[in-house]
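Chains as they are written, first to last, in the numbering used here: chain G, 15 to 209; chain P, 24 to 318. Backbone N, C-alpha and C define an ideal beta-carbon position, used for all residues, glycine too. All values derive from a computational prediction rather than experimental measurement.
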């Protein structure tokens with residue numbers, strides 16, 4: 015794709031996503047205001063604190079702008095907090111926490127425990143042809159997936175990487191691994207046809 | 024590592040949480056009610072402590088780790104990460120905080136030091152540590168001991184941003200200078216900074232600190248937070264500045280907005296309006312400098 019990929023840059027690990035995309039030769043731009051969405055063909059929503067991001071999405075006017083683009087099938091890749099923002103149902107969230115409901119999954123925040131329980135693991139991801147070094151930080155757990163959602167990877171039977179059409183979401187942080195294959199998959203396989 | 028085998032406490036996992044806090048505000052809180060106010064305002068984490076630094080200054084005496092019961096209460100009140108402070112060198116306080124499941128331990132000069140020569144061996148822990156630094160040498164010594172996040176110390180409890188600016192400029196200024204140095208000069212840099220050569224060489228190669236650099240100590244207004252961010256901090260700690268102000272909730276929210284939109288003066292002007300009085304603050308002339316604690 016030739017249009018830039020936007021990276022939601024309100025808070026969290028957005029700079030790491032931009033670095034991975036640029037390493038792959040993909041132009042990546044920060045999205046901080048609604049007008050920053052105008053020129054992007056796809057969006058990455060990074061890890062960070064989902065409660066903070068939800069508040070800043072509202073105050074910046076980005077919530078409605080992103081929602082409109084998602085309704086128009088903009089490809090999106092959400093990681094950790096980004097996955098929470100895409101989920102149709104959030105358990106243990108704040109009552110006022112909004113999400114885009116772009117992916118029919120139920121997630122529980124901090125499902126893997128506190129920071130002392132955060133972990134690295136080798137993950138079998140068939141769509142990228144092998145193992146991926148995945149980093150889980152106070153990660154959300156995917157508790158249920160809708161019938162039309164593909165589970166692309168699991169840890170101990172629990173889904174951690176899901177896709178439906180143009181929406182890709184991970185419980186973990188591919189931007190922290192020195193491995194661009196999941197970003198490559200997003201660009202080449204999920205965001206194809208975007209011009 | 025075989026498939027699905029979990030490795031906890033790795034450097035990547037420990038530094039990774041600091042990556043997730045970037046662009047955010049970590050707020051000092053002394054009870055569950057304040058923790059809720061902080062979370063509602065958009066804090067990325069809270070620092071649980073018994074007294075904010077401004078009160079520690081007034082009260083005097085020995086400042087120690089908080090009561091575990093008080094930390095439990097704050098952990099139960101919020102879903103965002105909870106940090107807590109241990110005294111410099113007091114590795115048993117750190118062991119207790121790890122057992123409580125705090126998400127980050129701050130080995131902090133705001134508390135009374137427990138060891139006049141040694142900091143905690145932070146590699147020995149699964150929980151990650153943040154440490155303060157006034158200059159790059161101090162930052163690199165803390166990183167060599169296992170710190171996964173550095174915060175410029177500033178001067179906690181003063182509401183006076185001048186020390187935070189001094190420390191941030193010193194750390195970032197030396198990082199820039201090392202980026203310009205040739206390989207032979209790096210040995211002298213290591214000697215001058217009293218820091219391990221490999222870390223100095225890493226900075227020369229990458230142009231950044233090996234761990235995230237946050238700013239703390241004396242920030243009281245949205246403009247202060249944006250100043251720290253424009254100077255190169257990656258996130259901010261605000262202690263007494265929020266709950267020692269007239270109206271904490273709107274000030275907390277405004278500081279969150281200012282930290283995200285640190286380069287946008289129009290937004291800074293908007294969020295700085297009508298916040299009531301900030302904490303009074305104090306000058307530096309006769310002030311006990313917490314920042315001088317740490318070796």
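**Request:** Would you list, in chain order, the members of the stretch 17-31 of chain G that have their beta-carbon closer than 9 Å to a beta-carbon of chain P?
**Result:** From the stretch 17-31 of chain G, only 23, 24, 25, 26, 27, 28, 29 and 30 have a Cβ closer than 9 Å to chain P.
**Asked** Looking at the structure shown, is residue 98 (chain G) part of a helix, part of a strand, or coil, going by DSSP?
**Response** Three-state result, residue 98 (chain G): helix.
**Prompt:** Whose Cβ in chain G lies nearer than 8 Å to the Cβ of residue 27 (chain P)?
**Reply:** Chain G residues near residue 27 (chain P): 135, 136, 137, 169 and 170.
**Asked** Buried or exposed: residue 58 (chain P), going by 16 or more other Cβ atoms within 10 Å of its Cβ?
**Response** With a threshold of 16 other beta carbon atoms within 10 Å, residue 58 (chain P) meets it and is buried.
**Asked** When burial is assigned at 16 or more other CB atoms within 10 Å of the CB, is residue 215 (chain P) buried or exposed?
**Response** When all chains shown are included, residue 215 (chain P) counts as exposed.
**Asked** Whole beta strand (DSSP E) runs in the stretch 106-173 of chain P with 3 or more residues, listed along the chain?
**Response** Counting only runs of 3 or more, we get 127-131 and 152-156.
**Request:** Give me the Cα-Cα distance between residue 209 (chain G) and residue 116 (chain G), rounded to the nearest whole angstrom.
**Result:** With a pLDDT of only 38 at residue 209 (chain G), under the threshold of 50, the placement of this residue in the model should not be trusted; the figure read from the coordinates follows. Spanning the two alpha carbons is a distance of roughly 21 Å.
**Asked** Is any beta-carbon of chain G found at less than 9 Å from that of residue 280 (chain P)?
**Response** Interface flag for residue 280 (chain P) against chain G is set, since a Cβ pair is found closer than 9 Å.
**Prompt:** When DSSP labels each residue in this structure, what does residue 68 (chain G) get in the three-state scheme?
**Reply:** Residue 68 (chain G): helix per DSSP, three-state reduction.
**Selection of the stretch 73-107 of chain G by Cβ proximity to chain P, strictly under 9 Å** = Here the close residues are 73, 74, 94, 95, 106 and 107.
**Message:** In this structure, how does DSSP classify residue 229 (chain P) when only helix, strand and coil are distinguished?
**Reply:** If DSSP states are grouped into helix, strand and coil, residue 229 (chain P) belongs with the helices.
**Prompt:** residue 17 (chain G) by DSSP, collapsed to three states: which one?
**Reply:** Assigned with DSSP and collapsed to three states, residue 17 (chain G) falls in coil, not helix or strand.
**Message:** Can you pull the chain G neighbours of residue 229 (chain P), defined as C-beta to C-beta under 7 Å?
**Reply:** Those within 7 Å of residue 229 (chain P) in chain G number zero; the least Cβ separation is about 11 Å.
**Item:** Cβ shell of residue 137 (chain P) (< 8 Å), same chain only, five flanking positions each side left out
**Value:** Hits under 8 Å: 110, 111, 112, 113 and 116.
**Prompt:** By the criterion of Cβ-Cβ separation under 8 Å, what are the contact partners of residue 44 (chain G) in chain P?
**Reply:** Around residue 44 (chain G), no beta-carbon contact reaches into chain P at under 8 Å, the shortest distance being about 11 Å.
**Request:** Pull up the CB-CB distance for residue 55 (chain G) and residue 19 (chain G), whole angstroms please, since I reckon it's below 8 Å.
**Result:** Contact flag correct, Cβ pair sits at about 7 Å.
**Message:** Quick check on this structure: which residue in P:203, P:188, P:266 and P:219 has the alpha carbon closest to the alpha carbon of residue 246 (chain P)?
**Reply:** Comparing Cα-Cα distances from residue 246 (chain P) to each of P:203, P:188, P:266 and P:219, the minimum goes to P:188.
**Request:** Measure the beta-carbon distance from residue 71 (chain P) to residue 103 (chain P) and round it to whole angstroms, keeping in mind my assumption that it falls under 8 Å.
**Result:** About 12 Å; that fails the 8 Å criterion.
**Request:** Anything in chain P within Cβ reach of residue 123 (chain G), meaning under 9 Å, just list it in chain order.
**Result:** Chain P residues near residue 123 (chain G): 102.
**Prompt:** Taking 9 Å as the CB-CB limit, is residue 158 (chain G) close to chain P?
**Reply:** Taking Cβ atoms only, chain P never reaches closer than 9 Å to residue 158 (chain G), which makes this a no.
**Asked** Can you tell me whether DSSP reads residue 315 (chain P) as helix, strand or coil?
**Response** The three-state secondary structure of residue 315 (chain P), taken from DSSP, is helix.
**Message:** Taking 9 Å as the threshold (beta carbon to beta carbon), is residue 209 (chain G) in contact with chain P?
**Reply:** Residue placement at residue 209 (chain G) cannot be trusted, given a pLDDT of 38 that sits under 50; what the coordinates show is reported in the next sentence. No, no contact with chain P.
**chain P residues whose Cβ lies nearer than 9 Å to that of residue 185 (chain G)** = Those within 9 Å of residue 185 (chain G) in chain P number zero; the least Cβ separation is about 13 Å.
**Message:** Applying the 10 Å Cβ sphere with the 16-neighbour rule, what's the burial state of residue 77 (chain P)?
**Reply:** The residue in question, residue 77 (chain P), is buried, as its Cβ has 16 or more Cβ neighbours within 10 Å.
**Interface flag, residue 44 (chain P) vs chain G, CB-CB below 9 Å** = Yes - at least one Cβ of chain G is within 9 Å of the one on residue 44 (chain P).
**Prompt:** For residue 102 (chain G) versus residue 160 (chain G), is the C-beta distance shorter than 9 Å?
**Reply:** The answer is yes: Cβ separation under 9 Å.
**Item:** Three-state secondary structure (DSSP) of residue 72 (chain P)
**Value:** It is coil, neither helix nor strand.
**Request:** Could you tell me which chain P residues have their CB closer than 9 Å to the CB of residue 194 (chain G), listed as they occur along the chain?
**Result:** Against chain P, the beta carbon of residue 194 (chain G) has no neighbour under 9 Å; the closest one sits roughly 16 Å away.
**Asked** Given residue 286 (chain P), which residues of its chain have a CB within under 7 Å of its CB, disregarding the five upstream and five downstream residues?
**Response** If we look at residue 286 (chain P) and ignore the five residues flanking it on each side, its Cβ neighbours are 253.
**Asked** Distance, Cα to Cα, residue 79 (chain P) vs residue 180 (chain G)?
**Response** As the crow flies, the alpha-carbon of residue 79 (chain P) is around 53 Å from that of residue 180 (chain G).
**Residues that DSSP places opposite residue 135 (chain G) in a beta bridge** = Assignment of beta-bridge partners to residue 135 (chain G) by DSSP yields G:148.
**Message:** In chain order, what are the residue ranges of uninterrupted beta strand (DSSP E) at least 3 long that sit wholly in the stretch 246-302 of chain P?
**Reply:** Unbroken beta strand (DSSP E) runs of no fewer than 3 residues, entirely contained in the stretch 246-302 of chain P, are found at 259-261, following chain order.
**Message:** Using only the alpha-carbon positions, how far apart do residue 128 (chain P) and residue 41 (chain P) sit?
**Reply:** When rounded, the separation of the alpha-carbon atoms in residue 128 (chain P) and residue 41 (chain P) is 12 Å.
**Helix, strand or coil at residue 30 (chain P) [DSSP, three-state]** = Three-state result, residue 30 (chain P): strand.
**Asked** In three-state DSSP terms, what is residue 209 (chain G)?
**Response** Residue confidence for residue 209 (chain G) is low, a pLDDT of 38 falling below 50, so the modelled location carries little weight and cannot support an answer.
**Request:** Check whether the Cβ atoms of residue 182 (chain P) and residue 96 (chain P) lie closer than 9 Å to each other.
**Result:** In this structure, residue 182 (chain P) keeps its C-beta atom at 9 Å or more from the C-beta atom of residue 96 (chain P).
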